[in-house]
Amino acid sequence: MTELTPRPDDLGLTAAAKANVPIENQNAKSFFAQLQGFWVTFTTMFKKVTTVEYPEVKEPMAEGFHGRHQLNRYDDGLEKCIGCELCAWACPADAILVEGESNTEDARYSPGERYGKVYQINYLRCIFCGLCVEACPTRALTMTNEYELADDSRSKLIFEKEDLLAPLRSGALKPPHPMAEGKTHIDYYRGDITDIKND
Amino acid sequence: MTPEQALLETEVAIEMITVVIDGFEVTVPKGTLVIRAAEKLGIQIPRFCDHPLLKPAGACRQCLVDIEINGRAFPKPQASCTIPVENNMIVKTQLTSTVAEKAQEGIMEFLLINHPLDCAVCDKGGECPLQNQAMSTGRPESRFEGVKRTFEKPISISSQVLLDRERCVLCARCTRFSEEIAGDPFITLNERGALQQVGIYEKDPFESYYSGNTVQICPVGALTGTSYRFRARPFDLVSIDSACEHCASGCAMRTDIRRGKTLRRLAGDDPSVNEEWNCDKGRWAFKYLTNRERVTTPMIRGADGELHETSWPEAIAFAAAGLKDKRAGVLVGGRTTVEDAYGYSKFARVALGTNDIDFRARPHSDEETSFLSRVALNLKTTYKDIDVADQVVLLGFEPEEESPIVFLRIYKQVSKRALPVLSDAPFASRGSEKLGAVLISDLSKIANLTTKSVVIVGERLAETRGAFSSVYELINKSGAKLAWIPRRSGEPGALAAGAIPTLLPGGRPVTDPAARVDVAAAWSVESLPTSQGRSTSEILLALNVKNLDAVVIGGVDPLDISSTALTQLLNSFVVSLEISHSAITAVADVVLPVAAVIEKSGSYLDWQGSPRVFEKAIADSLSRSDVRILSMLADEMGSPINLPTVSATAREIASLGKWDGTPVAFEKSVSEKITELGEKLNLKSWRLLLDLGTLQGGEANLAGTARKASAHISKARAEKIGVKSGELISISSELGSLELPVEICEMADDLIWVPRNSIGSQVIANLGFVNGQVKVIKA
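Here the protein sequences come in this chain order: A and B.
Residues 9 to 207 (the numbering used here) are what the first sequence spells out, left to right.
Residues 256 to 1034 (the numbering used here) are what the second sequence spells out, left to right.
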């Protein structure tokens, strides 16, 4: 049999085993010390709890929490996204796919010439870093507080444009529709379009 | 002898000049611009208007540097793109001179004052010299607080080029290109000062065949292609070097792919062929793939007369059963790669045991067959010969319409040193006008041919009997250089691969026993068919009268051959290898889907005979090259051709090499006697670059710049018929007629010219022939 060489980190156990010495628990020396420990547990039972009964109870997240994305609209319902793909470019996880398309007179989805025809975010890849939101030149992409992003298949976690678009506010029209009368895409960009009622 | 010619005759010793740039010495030829000399040292001076293939303009002023000659400094920074190097010149760029740096920063600030900075929606964003150089040279923050100049955006320069005027930095690259390179001065700089802008001549439409190049060389996003506008971002695209599949010019191309789809094509950089240019057809005609319904699965025609989808083994077995031990021919089509053409060639000889194979899907003649197999194959003329030619003669060849890059090369010499050009065209087309071509009615008018002259013959020469013989005689007598430039990209390669009734691969004559032994040994077969085969028209005729039972057809449009070609196929067993549903698949018994160009690797031979190799652009495509399918078919027929892959085929072609035996002498034909015309006119035609060609389908923006079809007749003839310019005439033959507006021009009174395959003028379909006599009356 070869001689065991004690490893430097074996805490003397090899030597103890060789000498056949019982290992003693050096810490639990007194009953009082144990009581002290249980007292901590007991007092904690009367403290206010910070956890909630999720999923029955849902707490709002802190402001600026990085949750599911949202594609915003102007007040009249036109989309803010111009399909520039800067979010896709900024994304370190390659989670975003965008394809642009031209607006036409018959089918206008956003002010200006260009809109995002395809917009997908793959939440299996997204790391919620928010670089896409920083990159967006029209503030079309922001993040919501929604964090419940679990599902039972991969395809369900690739969110399409319809899943990401902000809901229409009252008075807003679902695109495609023309820009507000007498306004250009620059007015939209500057935020001069507020509370437009399309009737 | 002019000094220009003297320069061509002798290699003049070039004077070298040494300059100091940023403390480094560099020696360059005299006349080199400072900006190029700096490039040689790896010093990048920012620039917009400078382009190595265009004349210096000094328009954008971005390349300002500090220059000192013989100890005397220029009082102000100078544009390095306009100043040639001189001895004892000391240049300080932005890297070593604060004056130059400040000047460049100032210019950048000026350029950005009126630039909209709409990079987010601009197609150029991500590959934009202005964007990049604003980052490297510009100020980090703008000091401009005023309102930017705006224009209505975008305006159409043509149906395929859009202009956003506020993005323009007035570098004049586009206007210089269209004037200097293309010879189509359709765009120009209008107005002055802050209102200066690129504009079009309102009366003349922008019908240049080269307009796409202006989009490519625009250093900002001012000029954009309609078809690509907002389609993609450069970082989304995977770029692949490719070769153009349209004509035999042989352009190097760049194909940009996103997720299995071609988004755009750009001119590649090959100084010996297309320099950095290409034509609009090469750039924008790629939607043919998605235009018609693709054939994705093999199909066989059932007892009910309909095509039914089936499995590969079943389709191959069905096709093999229909071809085995039958008398069959092969029509290859003019668009195959060299490897595919070689596959067809070997398949015909080994599996079908016949020399009945032809790549010519167009009017052709026996005289042409003889010319191609004895003369055309051994020509060594190149683009370089055009550059130094003392005269260019164009016979049956309209360069701007049929090989646009050859046109650019000739035009370059015409504008540089007034190169004389002769053409046998019936009237001066726009291309001929730009070249200043002298029109000749017959070959006897060609004079002063020297060994430096270049005679270019096109495929249409086959339509005139005896023409090839006369050219052959002319070349033999004068020693001038001869080039054969067919219209289609696959034809030179198919000729070299032996897809012609008289030749085996490598130019080996089928009638030469030694050549046959050579090939039979390489192919490990006992013998090869000995007699000369049938040409395309003879194959079709034989199919019609049941002298042949079956035919294998590649990419062929029957209406390119004759109006009866399709009906001649009806009674035989047709195996069609196709990418999309076509007139041939509609009558085929077996349809085998093959790969399109972007889905396969391979090579074309350009007209110079040099290979243009390209790789598969779409990596995960399941489509197979023709040669692989032919190999499967041959295996099933029990006479394998052993060409399982494109690379194996390329290796076999290389190992077989060229024939080094004596070629058979060219058989001359006698010229046709001119028959009495009476009241009829002789029809002349050629295809325009942009027309109804199959490969241009699905691209409406490109079609928008096609030249309008009109019939050209002489003034005297027009008076005789009683029509004025623009009025309709009716042109008829025994088989049909067509109506076209008249354009009166300088031409012979007994001729009429119409475009061959344009809207309202499909000559073969409408009149039944391309070369004959027609009756012309006022409609």
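For each residue, glycine too, the CB sits at the ideal point set by N, CA and C.
Note that the structure is a prediction, hence the values are computed from the model and not measured.
The beta-carbon of residue 145(A) is placed less than 9 Å from the nearest beta-carbon of chain B. Comparing alpha-carbon positions, the option among 359(B), 691(B) and 665(B) lying closest to residue 436(B) turns out to be 665(B). Residue 130(A) sits in a strand when the DSSP states are folded into three classes.
For the pair residue 838(B) and residue 812(B), the CB atoms are nearer than the 9 Å cut-off. Ranked by how close their Cα comes to the Cα of residue 592(B), the residues 1028(B), 353(B), 854(B) and 564(B) have 854(B) in first place. Against residue 110(A), the close residues of chain B are 484 and 485, in the order they occur along the chain (beta-carbon pairs closer than 7 Å). Taking C-beta atoms under 8 Å as the contact rule, residue 998(B) and residue 966(B) qualify, at a distance of about 7 Å.
Counting along the chain, the unbroken alpha helix (DSSP H) around residue 791(B) starts and ends at 791-799.
Look at residue 133(A): its C-beta is not under 9 Å from any C-beta on chain B. DSSP places residue 362(B) inside the alpha helix (DSSP H), whose first and last residues are 353-368. Looking from the CA of residue 340(B), the closest CA among 357(B), 285(B) and 331(B) belongs to 285(B). For residue 1010(B), the enclosing beta strand (DSSP E) covers residues 1006-1010. When beta bridges are read from the DSSP output, residue 629(B) appears opposite no residue. At a cut-off of 9 Å between C-beta atoms, residue 590(B) does not count as an interface residue with respect to chain A. Under the three-state reduction of DSSP output, residue 665(B) falls in the helix class. When C-alpha distances from residue 515(B) are compared across 492(B), 503(B), 588(B) and 507(B), the shortest belongs to 492(B).
The region 84-94 of chain A makes contact with the region 170-189 of chain A; the number of CB pairs closer than 8 Å reaches 3 or more. Only those residues of the region 483-512 of chain B whose C-beta falls short of 8 Å from the nearest C-beta of chain A are listed: 484, 485, 486, 487, 488, 490 and 491. At a cut-off of 9 Å, the C-beta of residue 470(B) has no neighbouring C-beta in chain A. Of all C-beta pairs linking the region 914-924 of chain B to the region 761-780 of chain B, three or more are shorter than 8 Å, placing the two stretches in contact.
Residues of the region 56-84 of chain A whose Cβ lies closer than 7 Å to any Cβ of chain B: none. In terms of Cα proximity to residue 995(B), the closest of 523(B), 978(B), 297(B) and 971(B) is 978(B).
When DSSP assignments are scanned along the region 844-887 of chain B, the uninterrupted stretches of beta strand (DSSP E) that are 3 or more residues long and fall wholly within it turn out to be 845-848, 857-860 and 866-869. Comparing alpha-carbon positions, the option among 337(B), 808(B) and 648(B) lying closest to residue 309(B) turns out to be 337(B).
In the three-state reduction of the DSSP assignment, residue 532(B) falls in the coil class. As summarised for the region 280-348 of chain B, the continuous beta strand (DSSP E) elements at least 3 residues long and confined to that stretch are 319-324 and 344-347, given in chain order. Annotation: Cβ neighbours of residue 375(B) in chain A (cutoff 8 Å, chain order): 90, 92, 94, 145 and 146. When beta bridges are read from the DSSP output, residue 167(A) appears opposite 129(A). At a cut-off of 9 Å between C-beta atoms, residue 381(B) counts as an interface residue with respect to chain A.
At least one CB atom of chain B sits nearer than 9 Å to the CB of residue 122(A). If you draw a straight line from the Cα of residue 877(B) to the Cα of residue 884(B), it is about 12 Å long. Beta-bridge partners assigned by DSSP to residue 520(B): 510(B). At least 9 Å separates the CB of residue 156(A) from every CB of chain B. Residue pairing by DSSP places residue 637(B) opposite no residue, since no beta bridge is assigned to it. Nearest to residue 981(B) by C-alpha distance, out of 856(B), 1000(B), 523(B) and 376(B), is 1000(B). By the rule that beta-carbons nearer than 9 Å mark a contact, residue 107(A) touches chain B.
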